[in-house]
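Everything below concerns the one structure shown next.
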Amino acid sequence: MDRPALIEDERSLRSACERLAARPILACDLETTGLDPHRDTVLLIQLGDGRLQVAVDARKVTDLSPLRQVLERPGLTVFHNAQFDLKFLKGLGLEVRRPQDTMLLEILLAGGRRVGARTLKASCDRRVGVSLDKAERATFVGFEGTLTESQIAYAIDDVIATWHLFLAQVPEIERAGMREVARIEGAAVDAFAELEWRGIYLDRAAWEAVLAEAETARDAARKKLERALLPVVGGDLFGNVHVNYESEEALREVFERLGYPDLPNLTRATLSRLDHPVAAALLEYRKHQQVLSRYGEGFLSHIHPVTGRVHARFRQIGASTGRASCEAPNLQNIQSGDAFRRAFCAPPGRKIVTADYAGAELRIIAEMSGDPVFLETFERGGDLHAIVASQIFHTEVSKTVRPELRARAKAINFGLAYGMGAGGLAAETGLPRAEAERLLETYFRTYPRIRAFFEDLAQTGLERGYAVTLAGRRLYLEESDDPQRRAHLERVAKNMPIQGSSADIVKLAMARATRRMREEGLDAFIVNTVHDELVFEVSEGDAARAAEVLEAEMVAAGQAFLHRVPTVVDVHVGDHWAK
């Protein structure tokens, strides 16, 4: 192994980059003064392949452009927790052509099993048998002085460890048949880093206006609830009602007085079945109160003081299905049609392009099951919910004819992707459980191919010990003799391949669209992803082309896995985040 080199001038950097650019696989790591790419500083950029290691002092080397020769080469550049490093590199004007992430690979290999932490230290302890001393890491926080030998050695050790970890992971990924999903996750990590680094613009005044409307609606709902409760619980000298609406015990006492002593719970599904004005008023009050709890003034604290934008944190593999999750704040929790979405808008001179897959999970079910009705309906662009309703209810159904029957069929269709049973259908539709059971049985009798498909998913998943997506993502299922636990595992075995395949497709679309926008030189970048939906911010001049590219790349990502059904993407260009 060549002696590690600390690079402090541009000439040495160019010389090192010429050697590194020929390497097919390199590990890369950064040391920074903190966690915020918009306020903290890059101290060191380390690169190596187990033989040649270099550490670039990013404060002393003022021109880092020679690194493009290395980072944009055709070979892989491997990180551990790539999103972090990629955001700081973007701040330096550097892009990585083919990133890969050993942390994401470790999550893929775990497949939902609790095998320990995903940190570099824990992963190397577990898979390589190398113990890293991380005590030096804290010395970089807020650091401004001259780097010490121990700091440089620590930085080099991290990049060597990342290299060896990757080499240990590759054969395990191959043996598990996860090469394709590993490729997708590696390609998508740049898009996730991009949307975290770019952030999304939030109009504070517009948000506060919607918030004020929500407060007014909440107060009106509370007064309506108090009027309904007054004859039941009485009021004080001023006619005010004193009930803690957040206390289940207090509310149970209210419903006992109303003649409902044995309610199983006080959820929306239960209360919506009660024909009583108090239940209706409580549901309305809760709806508005939940909006305020979710989107209150605290949400605005996430506007970054430097960029003026919201930089949420995305976990690229945030769920066992492979779907991403979001926090601080949760941008995936703002529902379609929600007035708060309009506050996420384009700055002057720019547009928001929103695109989402039409019926993604149902198309995946059609692809995997081969059901002839599903396949034919999607092929000719028909209304699957109406057709299913017509067949199981033996009457004409459309969006305007017997729409309530279409709604029931829709609940079953979408519920399939989440392993919904009779209880869930009853809660979703308000039907008695016995009727929901009969409806499900009629559905599966009408579509035996669908029944056989899901039964096979459950049986095969439990027998081999894992569920798998179209791209090869695995979720391991432990054995259990407990009937309730086994029933849960059967539901997971049924729904994971559907939801997980959808996640695979969306991530591939993110990667493809982000790369294509960059290749075409479009002033466009991703700002959010919500399950089957992608949101880009673009300049007005590039909006039309960006919409075309986004639709084309999303369709291509879908067709990479869906060969028997067409992939349909709905695209909207406007001033606000819309769907």
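According to the working numbering, the sequence shown is numbered sequentially starting from 1148.
For glycine and all other residues, C-beta sits at the position ideal for the given N, C-alpha and C.
- Tyr1623 carries a strand assignment under DSSP once its states are collapsed to helix, strand and coil.
- Looking at Ala1513, Cys1473, Glu1327, the one whose alpha-carbon comes closest to that of Leu1252 is Glu1327.
- Assignment of Asn1477 by DSSP, reduced to helix, strand and coil, places it in the coil class.
- Residue environment analysis places Pro1495 among the exposed positions, since fewer than 16 neighbouring C-beta atoms fall within 10 angstroms of its C-beta.
- Approximately 14 Å separates the beta-carbon atoms of Leu1191 and Ala1174; this is outside 8 Å, ruling out the contact.
- Approximately 40 Å separates the beta-carbon atoms of Trp1310 and Phe1491; this is outside 8 Å, ruling out the contact.
- Across the structure, Gly1276 and Gly1258 are spaced so that their CA atoms are roughly 21 Å apart.
- Residue range 1680-1686 is occupied by the beta strand (DSSP E) that includes Ser1686.
- Membership of Phe1235 in the alpha helix (DSSP H) is indicated by the continuous run 1229-1238.
- DSSP, read as helix, strand or coil, puts Glu1178 in strand.
- Around the beta carbon of His1435, 16 or more other beta carbons lie within 10 angstroms, which makes this residue buried.
- Straight-line spacing of the CA atoms in Glu1474 and His1458 works out to 10 Å.
- When rounded, the separation of the alpha-carbon atoms in Gln1706 and Asp1679 is 15 Å.
- By the neighbour-count criterion, in which 16 or more other beta carbons inside 10 Å mark a residue as buried, Thr1209 falls on the exposed side.
- Here the alpha carbon of Val1639 sits roughly 31 Å from the alpha carbon of Phe1226.
- Counting every other CB atom within 10 Å of its CB across the protein chains shown gives Ser1270 a total of 16 or more, marking it as buried.
- In this structure, the straight-line span from the alpha carbon of Ser1419 to that of Ser1686 is close to 46 Å.
- Between Asn1387 and the set Val1306, Ala1556, Arg1374, Glu1393, the nearest pair of CA atoms involves Arg1374.
- Along the segment 1467-1521, the beta strand (DSSP E) occurs as fully enclosed runs of 3 or more residues at 1472-1474, 1497-1504, listed in sequence order.
- Taking C-alpha positions only, Gly1324 is separated from Arg1206 by approximately 43 Å.
- Rounded to the nearest whole angstrom, the CA to CA distance from Pro1213 to Glu1157 is 8 Å.
- By the Cβ rule, the segment 1585-1595 does not count as touching the segment 1651-1668, because fewer than three pairs are nearer than 8 Å.
- Three or more beta-carbon pairs separated by less than 8 Å link the segment 1629-1649 to the segment 1454-1473, which places the two stretches in contact.
- Assignment of beta-bridge partners to Asn1675 by DSSP yields Val1682.
- DSSP places His1719 inside the beta strand (DSSP E), whose first and last residues are 1716-1721.
- The criterion of a C-beta distance shorter than 7 Å is satisfied by Val1716 and Val1702.
- At a Cβ-Cβ threshold of 7 Å, Phe1487 and Val1682 do not count as neighbours.
- By the C-beta criterion, the segment 1329-1342 is judged to be in contact with the segment 1227-1238, since at least 3 inter-stretch pairs fall below 8 Å.
- DSSP places Thr1224 in the strand class (E or B) of the three-state scheme.
- The alpha carbon of Glu1508 has as its nearest neighbour, out of Val1712, Arg1632, Asn1391, the alpha carbon of Val1712.
- The alpha-carbon separation between Tyr1590 and Thr1414 amounts to approximately 27 Å.
- The beta carbon of Ser1545 sits closer than 6 Å to the beta carbons of Ala1533 from its chain, once the five residues preceding and following it are set aside; these are given in chain order.
- With the rule of 3 Cβ pairs closer than 8 Å, the segment 1500-1515 counts as touching the segment 1559-1568.
- Closest in alpha carbon position to Phe1313, among Ala1694, Leu1376, Arg1273, Pro1221, is Arg1273.
- In this chain, the alpha helix (DSSP H) harbouring Pro1318 covers 1296-1322.
- Between the beta-carbon of Phe1708 and that of Leu1617 there is about 4 Å, and that keeps the pair under the 8 Å contact cut.
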